[in-house]
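**Q** Chains A and B, in that order, give the protein sequences. Per my numbering, the first sequence runs over residues 1 to 493. Per my numbering, the second sequence runs over residues 1001 to 1493. Handing you this structure, nothing more for now.
Protein chains: 2
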Amino acid sequence: MRSVHKLKKIELYSIIHYTGYICILLGLVMLVPIIVALIYGEYKFITPFIYSSIVSLVIGILLFKKFNNKKEISLKSAMIFVTLIWLIGSAIAALPYYLSGDLSYFNAFFEAMSGFTTTGFSMYNLDHASFTMNFWRAFTQWLGGIGIIVMALTVLSSPGVNIMRMYSAEGREERLAPSIRHTSRIILYIYLLYTAISIILFKLAGMPVFDSIFYAFTALSTGGFALENASISIYHNIWIELVAMIVMILGATNFALHYTLLKGNWREYFKDIESKVSWILLIGGTLLVALFLYNGSVYGHDIFTSLRYSAFQVVTALTTSGLQTANPSDISVQWDGLGIFILTLLMIIGAGACSTGGGIKWLRIGILVKGMWWEIKSLLLPQSAVISRKIHHVGDIKINENLLRLTGLFVFSYIVVYIISVIIVLFYYQNLSQVLFEVASGLSNVGLGSSLLTPSSPMVVKLVFMIDMWIGRLEIWPILLLMAIAVQNTIRR
Amino acid sequence: MRSVHKLKKIELYSIIHYTGYICILLGLVMLVPIIVALIYGEYKFITPFIYSSIVSLVIGILLFKKFNNKKEISLKSAMIFVTLIWLIGSAIAALPYYLSGDLSYFNAFFEAMSGFTTTGFSMYNLDHASFTMNFWRAFTQWLGGIGIIVMALTVLSSPGVNIMRMYSAEGREERLAPSIRHTSRIILYIYLLYTAISIILFKLAGMPVFDSIFYAFTALSTGGFALENASISIYHNIWIELVAMIVMILGATNFALHYTLLKGNWREYFKDIESKVSWILLIGGTLLVALFLYNGSVYGHDIFTSLRYSAFQVVTALTTSGLQTANPSDISVQWDGLGIFILTLLMIIGAGACSTGGGIKWLRIGILVKGMWWEIKSLLLPQSAVISRKIHHVGDIKINENLLRLTGLFVFSYIVVYIISVIIVLFYYQNLSQVLFEVASGLSNVGLGSSLLTPSSPMVVKLVFMIDMWIGRLEIWPILLLMAIAVQNTIRR
Ligand SMILES: [K+]
Ligand SMILES: [K+]
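Structural data, given as C-alpha cells:
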C-alpha cells in the first residue's frame, strides 16, 4: 500500500491470476440454476446459463493460466483484487439476466451487483420472474454473503487498512485460523450449517420448498431479494416472520463470534460489545417505531400489530437485510416522519462486523461511543486517573488512539459519501425523507425500498446506487484507494 | 472542573455575585426601550419596563452586595456562571413581554431566550407588535451578540473546556488582551463601530430609520428577529438584501480576526482557514440551491431571481442569522428536497468561531477536514514521512491529537443532541425534512423558519427548542457539565 501508483508487474499478474480463478468458480456455479430450470420445466433458461458459463470459464481459464502466480499475493494486491472483483464478478453474473432477455445489460449488471453485495434492490418485475432466474438471484446473494465474510475476516482485517486491524494490531490472532484457506473452510461449514437450518425452519413455518430455499439464501446472507414485489408480507404468517427475523440476526452476527459460540463458549455472546449495541438498538428502535405506528394508527390502533410491523422492519434495517413486511409505498407515505427516520438511522448504523451485513457496523458504533465516554472521563477526571480502554469483542480488545482515529475517519468518510449521494439523487427525486431513506438503504447494502428506486429510475440514480453499494460493501476502501492515488500524485510532483 | 460536585462555598458566592452584576446591567438596559415608547407615543409600554427594571435591579443589587466576591472567579465557577446566566437573564428579560400582556410567561421566556441566544424564533404575531416591544426584541439580540463573543473569547476558550483551547494550548496568547475586561472593551468598540456602519448602510439602502436600527441589531448579532412575519422580503429591495448579507457575514466572522484586520493586517483574512471554509460553502451552496430553484421554477424559470433567493438564504443559513427573503411556508413546500437539505447542512455547519453565530463552526469543520486528510496521508505514506499539521486561524495553530479528539467529541455530541431532538419533535410533527430543518435551525441558533414552530406549537416542542438553543449557544458545554456530574458520581461510588 505504500506506493499504490507503482504496481509491479508481478503483482498485476497475481491480481489477474486470482480474477481468473473467481471467473472459473463463477462459470461452475452458473451450472447450478440449470438444474432448477430442468425441475420446473423452464427450458428456455438453460441456454443463457450455458452460454454465460462458457464465457466465464473461457475467460477464467485464460487469465488463470496465462498470468501465473509466482509468489504469495501481497496485501496491496489483495486489496486491489477485492476492489475489482465485485465489478468483474457482477459483469459476468449479469449475463444470464441479459441473455435470457429479462433485463437490459445495464439493469442486469445492477441486479448482479445488488445480488453479490447482498443489497437486494431489484430491477425485476417480480410478478413475472421465473423460478430459474429467482434461484439465480438468491444464489448470487448467498455466494455474496460467504464472499463478504471471508473478505472481511481476511483481507479487510489486515493492518493498515481499516478498523478491523484490531484483530492483529495487539498481536492477537488476526484470523480464525492462520490462512485464508483455512478460515474460508470453517466459515463455509458454519454458513452451510446455518443455511440448512434456515431452510428447515422456513419449511416448518409453512413455506413451500422453493420459497424456503430462496428465503434461506436471501435472509442468511442479509441480501433481501424477494420472490414477490410485496416481499414476505404475502404469507401473512407470523411464524415465517419470526424465522426470518432469527435468520437475519444470525447472518448479521460476526461469524468469528459464531465460531466461538459453536465451540461451546456461550458466555462470549453476552460479553460481546456488538451484542450489547445491537440489542439496545433493536429494542429501543422497536419500541419507538411501534409507538409511532400505534399513535398514527398506521396498522390500526392495535399495539400488537404495531409491534409486529415495527419489530420486523427494525430487525431488517438493523441487520441490513431488506426483507420487508411493510409495503414500500406505505413506507414513503405512512411511515414518513419518525418511522422512516428511525429506520434510516438503523440502516446507517448497520450490522455486525465480519458478518454478511453492511453499514457502519455495531463494532464501530460501540468503539465510538466508548471512545467518547473515555474522552469525557479523561477530560473531567484528574490527569492521574487511569482509564481502562478496553472493549470485549471476540476476546478483549485494547482500544488505542490509532484505532479510535481510524474509526472516526471511517464514519466521517461514510457520512461524506452519504451526503454527496443524497445531493445527487435529490436532483431527480424531491421527497427528502424518501431520498435519505433509500440512499442509506443502498450505501449500507440493505435494500429496504420505499418505491423510489425502480427499473424506470434515471440512469444517473441507478449509477449512484451501484457505486454506493460497491463502496459500502468494501467498507469505504475504494474511496481510500482513490485518495491514496491522489496523495501519491501530490507527493510525486 | 476537576470536581464539579464539590463546589466550594466561596465559588458559589462568586457565581451569585456575578449573577447579581448581570441583573443590575439588565435592569439598566431595560430603561432604554422607554425612550422608544416615548418617541412613538406607546405610553402603555412604559410601566412594564419600569416594573421589570425595578425587579431586576433589586434582585441584582441584593445578590451583588450580599454575596461578596472575595477572590478572582475560577474557571470552573465561570463555566457554571455562563451556563446559568442565559437562563436567569432570559427569565428577567421575559418580564416586559409578560407584563405588557403581549405573551404568556412561558412564551415570553421563549422570546427572551430566542433573543439572547440570537436564534430568532418568535412567539409574536408580528403584524401586531409595537415599536417598543420590537426594539426590546432587537436589543436583546444585540446584547446577546456581544455577550456571546465575549463569552467565546474568554470563558469558552479556556483550556480543558473545548476546542477553543487552542488559543492557549500552544502557549499563544489566549485572548485578544490579557484580561476579560480588556477583551470586552475592544470587542465592544468594534461591535459599536459595526453597528453604526450597519445602521447607515441600511438607511442608505432605503430603510426607514427604525427599521435600520432594528435590522442592524438583528443582522450584526446574527439574531434574525424580524419586524414582519415576511421578514425583510417585504422591502422588495435588492440593496437592502445585499447590505443584510454583508452585515450577517460581518457578524459571523471571528471578532479576533476583525481586530487583526482593523489593525491593518488585511492578508490575514485570505490566509485564515475559516475564510476558505466559509467561501467554499457559500459559493458551492449558492450554486447548488440556485440550480435547484431554477430547475423547479420555484421563483420562475429565471436564473437571476433563483440566484438572488439562493444567495440570501445560503448566507443567512451559513451565518446562522435567520433573516429570510423566502417565505417560511414556501420553504417547507417548494424548497423541499435539495433546497431544504442544503440549508439544513449549512445551518448545522454554522458560523465562524468567536463570532455572534452558532452551529458547529467553520473552524471545527476546517480542523476535521484537515485532520482527516492528514490521517489518510499518514495511513498511506511511509512512516518516515513528516506531515505538517498546521492550520492558519488568527495566527498559525498546530493541531495536536488532543485538539482533534476534542473536535470529534464536539461534533459527535452535537449530532447526538440533534438526533434526539429530532426524534422528540417527530412525535408532534410528521414532515421529516421540515423537522430536520427546524431542529437544526434551533440547535445552531439560526431561526430560519418553515412554519413548524409557531406560538401554537405544543409545549414539549417549545421546550426542546429552548433547550437546544441553550445547548447550541453554550457549545455543548451544559451536556458536558451534566456528564461530568455523572462521571463524578460513578467514581464516588
Ligand atoms: K440487504
Ligand atoms: K439567528
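We treat Cβ as the ideally placed atom computed from N, Cα and C, and that holds for glycine. Remember, predicted model here, so these are calculated numbers, not experimental data.
1) Would the stretch 1387-1394 of chain B count as touching the stretch 1448-1464 of chain B if we require 3 or more Cβ pairs under 8 Å?
2) Does chain B have any CB closer than 8 Å to the CB of Leu363 (chain A)?
3) For a test of your reading of the model: does the CB of Ile1445 (chain B) fall under 7 Å from any non-hydrogen atom of ligand 2? Yes or no.
4) What residues in the stretch 1409-1429 of chain B have a beta carbon less than 8 Å from any beta carbon of chain A?
5) Among A:Ser114, A:Asn68, A:Pro33, A:Thr118, which one has its Cα closest to the Cα of Ser130 (chain A)?
6) So, with DSSP's three-state summary, where would you put Ile44 (chain A)?
7) May I ask you to list the residues that DSSP assigns as paired with Asp396 (chain A)?
8) Compute the distance between the beta-carbons of Ile283 (chain A) and Tyr294 (chain A), then report whether it is under 8 Å.
9) Over what stretch of residues does the alpha helix (DSSP H) that includes His1258 (chain B) continue unbroken?
10) For a test of your reading of the model: does the CB of Ser1090 (chain B) fall under 7 Å from any non-hydrogen atom of ligand 2? Yes or no.
11) Would you say Glu475 (chain A) lies against chain B (beta-carbon separation less than 8 Å)?
12) Show which residues of chain A have a CB atom less than 7 Å away from the CB atom of Leu1338 (chain B).
13) Helix, strand or coil: which one does DSSP assign to Val1298 (chain B)?
14) Leaving out five residues before and five after Tyr414 (chain A) in sequence, what residues of the same chain have Cβ atoms less than 7 Å from its Cβ?
15) Using DSSP with H/G/I as helix, E/B as strand and the rest coil, what is Pro1328 (chain B)?
16) Are Ile1367 (chain B) and Leu1404 (chain B) close, meaning C-beta to C-beta below 8 Å?
17) Considering only residues of the same chain and omitting the five flanking positions on each side of Ile200 (chain A), which have a CB-CB separation below 7 Å?
18) Once you ignore the five residues that flank Tyr1269 (chain B) on each side, which residues in its own chain have a CB closer than 8 Å to its CB?
19) Say the cut is 7 Å; is the CB of Ser1321 (chain B) nearer than that to a heavy atom of ligand 3?
20) Determine, using beta carbons only, whether Ser1310 (chain B) and Val1289 (chain B) come nearer to each other than 8 Å.
21) For the alpha helix (DSSP H) containing Ala1351 (chain B), name the first residue and the last one.
22) Quick check on DSSP: helix, strand or coil for Pro1455 (chain B)?
23) Straight-line CA distance for Glu111 (chain A) to Trp136 (chain A)?
24) Within the present structure, is the beta-carbon of Thr195 (chain A) separated from the nearest heavy atom of ligand 2 by less than 7 Å?
25) Mind pulling the chain B residues with CB within less than 7 Å of Arg405 (chain A)?
26) How would you list, in chain order, the residues of chain A whose beta-carbon sits under 9 Å from the beta-carbon of Glu1401 (chain B)?
27) Can you list, in chain order, the residues of its chain whose CB lies under 6 Å from that of Gly285 (chain A), leaving out five sequence neighbours each side?
28) Taking the continuous alpha helix (DSSP H) assigned at Asn125 (chain A), which residues delimit it?
29) Check whether the Cβ atoms of Ile148 (chain A) and Leu188 (chain A) lie closer than 8 Å to each other.
30) Express the C-alpha separation of Ile1397 (chain B) and Ile467 (chain A) in angstroms, rounding to a whole number.
31) For chain A, check one thing: does any of its Cβ atoms lie closer than 8 Å to the Cβ of Leu1345 (chain B)?
32) Quick check on this structure: which residue in B:Leu1242, B:Leu1087, B:Glu1228, B:Ile1080 has the alpha carbon closest to the alpha carbon of Arg1308 (chain B)?
33) Shorter than 7 Å, the distance from the beta carbon of Thr118 (chain A) to the closest heavy atom of ligand 1, or not?
34) Roughly how many whole angstroms lie between the Cα atoms of Ser90 (chain A) and Tyr105 (chain A)?
35) Which of helix, strand or coil does DSSP assign to Arg1473 (chain B)?
36) For chain A, find out if any of its Cβ atoms is closer than 8 Å to the Cβ of Phe1341 (chain B); answer yes or no.
**A** Concretely, from the data shown:
1) no
2) Reading the first sequence from its first residue, position 363 is the one you call residue 363 (chain A). Leu363 (chain A) does not count as touching chain B.
3) The residue given as residue 1445 (chain B) occupies position 445 in the second sequence. One detail in the question is off: residue 1445 (chain B) reads as Asn in this sequence, not Ile. Result yes, Cβ under 7 Å from ligand 2.
4) Leu1409, Phe1412, Ser1413, Ile1419, Val1422, Ile1423, Leu1426, Phe1427, Tyr1429
5) For the purposes of this step, residue 130 (chain A) is taken as residue 130 along the first sequence, with counting starting at 1. Ranking the options by Cα distance to Ser130 (chain A), first place goes to A:Pro33.
6) Locating residue 44 (chain A) in the first sequence gives position 44, where the first residue counts as 1. Reading off the sequence shown, one finds Lys at residue 44 (chain A), where the question assumed Ile. The answer is helix: DSSP assigns Lys44 (chain A) an H, G or I state.
7) Here residue 396 (chain A) refers to the residue found at position 396 of the first sequence. Per DSSP, A:His392.
8) The residue labelled residue 283 (chain A) in the question sits at position 283 within the first sequence. The residue labelled residue 294 (chain A) in the question sits at position 294 within the first sequence. Not in contact: Ile283 (chain A) and Tyr294 (chain A) (Cβ atoms no closer than 8 Å).
9) As a first step, residue 1258 (chain B) is located in the second sequence; it is residue number 258 there, counting from the start. It spans 1255-1262 - the alpha helix (DSSP H) in which His1258 (chain B) sits, taken as one unbroken run.
10) Taking the second sequence and counting its residues from 1, one reaches residue 1090 (chain B) at position 90. No, since every heavy atom of ligand 2 falls outside the 7 Å radius drawn around the Cβ of Ser1090 (chain B).
11) Sequence index remark: in the first sequence, residue 475 (chain A) carries index 475 (1-based). For Glu475 (chain A), the answer is no, since every Cβ of chain B falls outside 8 Å of its Cβ.
12) Looking up residue 1338 (chain B) in the second sequence gives position 338. Per Cβ cutoff of 7 Å: Ile423, Leu426, Phe427.
13) On the second sequence, position 298 is the one that residue 1298 (chain B) refers to. Three-state DSSP puts Val1298 (chain B) in a strand.
14) Taking the first sequence and counting its residues from 1, the one referred to as residue 414 (chain A) is at position 414. So the list reads Ile360, Ile476, once near-sequence residues are dropped.
15) In the second sequence, residue 1328 (chain B) corresponds to position 328, counting from 1. If DSSP states are grouped into helix, strand and coil, Pro1328 (chain B) belongs with the helices.
16) The residue given as residue 1367 (chain B) occupies position 367 in the second sequence. The residue given as residue 1404 (chain B) occupies position 404 in the second sequence. In contact: Ile1367 (chain B) and Leu1404 (chain B) (Cβ atoms closer than 8 Å).
17) For this step, residue 200 (chain A) is matched to residue 200 along the first sequence. Same-chain partners within the cutoff: there are none.
18) Here residue 1269 (chain B) is taken as the residue at index 269 of the second sequence, counted from 1. Contacts found: Leu1257, Leu1261, Ser1275.
19) Ligands displayed in this structure: ligand 1 and ligand 2; ligand 3 is not among them.
20) Here residue 1310 (chain B) corresponds to residue number 310 of the second sequence, with the count starting at 1. Here residue 1289 (chain B) corresponds to residue number 289 of the second sequence, with the count starting at 1. Against a cut-off of 8 Å, the Cβ pair of Val1289 (chain B) and Ser1310 (chain B) comes out as a contact.
21) The residue given as residue 1351 (chain B) occupies position 351 in the second sequence. Looking at the DSSP string, Ala1351 (chain B) is not in any alpha helix (DSSP H), and its letter there is neither H nor E.
22) Here the question's residue 1455 (chain B) lines up with position 455 in the second sequence. If DSSP states are grouped into helix, strand and coil, Pro1455 (chain B) belongs with coil.
23) The residue labelled residue 111 (chain A) in the question sits at position 111 within the first sequence. The residue labelled residue 136 (chain A) in the question sits at position 136 within the first sequence. Each residue's Cα considered, the two are about 11 Å apart.
24) As a first step, residue 195 (chain A) must be located in the first sequence, where it is residue number 195. Because no heavy atom of ligand 2 lies under 7 Å away, the Cβ of Thr195 (chain A) does not count as near it: no.
25) Here the question's residue 405 (chain A) lines up with position 405 in the first sequence. Those within 7 Å of Arg405 (chain A) in chain B are Glu1375.
26) As a working note, residue 1401 (chain B) is residue 401 in the second sequence. Within chain A, the residues near Glu1401 (chain B) are Glu401, Arg405.
27) For the purposes of this step, residue 285 (chain A) is taken as residue 285 along the first sequence, with counting starting at 1. So the qualifying residues of the chain are Val314, Ile342, Leu346.
28) Working through the first sequence from its first residue, we reach residue 125 (chain A) at position 125. Element bounds for Asn125 (chain A): n/a, residue is neither H nor E.
29) Taking the first sequence and counting its residues from 1, the one referred to as residue 148 (chain A) is at position 148. Taking the first sequence and counting its residues from 1, the one referred to as residue 188 (chain A) is at position 188. Cβ distance not < 8 Å, so Ile148 (chain A) and Leu188 (chain A) don't count as in contact.
30) Against the first sequence, residue 467 (chain A) aligns to sequence position 467. Against the second sequence, residue 1397 (chain B) aligns to sequence position 397. Ile467 (chain A) and Ile1397 (chain B): Cα-Cα distance of roughly 38 Å.
31) The count along the second sequence starts at 1 and reaches residue 1345 (chain B) at position 345. Yes, Leu1345 (chain B) lies at the interface with chain A (some Cβ there is under 8 Å from its Cβ).
32) On the second sequence, position 308 is the one that residue 1308 (chain B) refers to. Among B:Leu1242, B:Leu1087, B:Glu1228, B:Ile1080, the Cα nearest to that of Arg1308 (chain B) is on B:Leu1242.
33) Locating residue 118 (chain A) in the first sequence gives position 118, where the first residue counts as 1. Checking every heavy atom of ligand 1 against the Cβ of Thr118 (chain A), one is found closer than 7 Å.
34) In the first sequence, the residue the question calls residue 90 (chain A) occupies position 90. In the first sequence, the residue the question calls residue 105 (chain A) occupies position 105. Cα to Cα, the separation comes out at about 11 Å.
35) Translated into the one-based positions of the second sequence, residue 1473 (chain B) becomes position 473. Correct three-state label for Arg1473 (chain B): helix.
36) Translated into the one-based positions of the second sequence, residue 1341 (chain B) becomes position 341. At least one chain A Cβ lies under 8 Å of Phe1341 (chain B).
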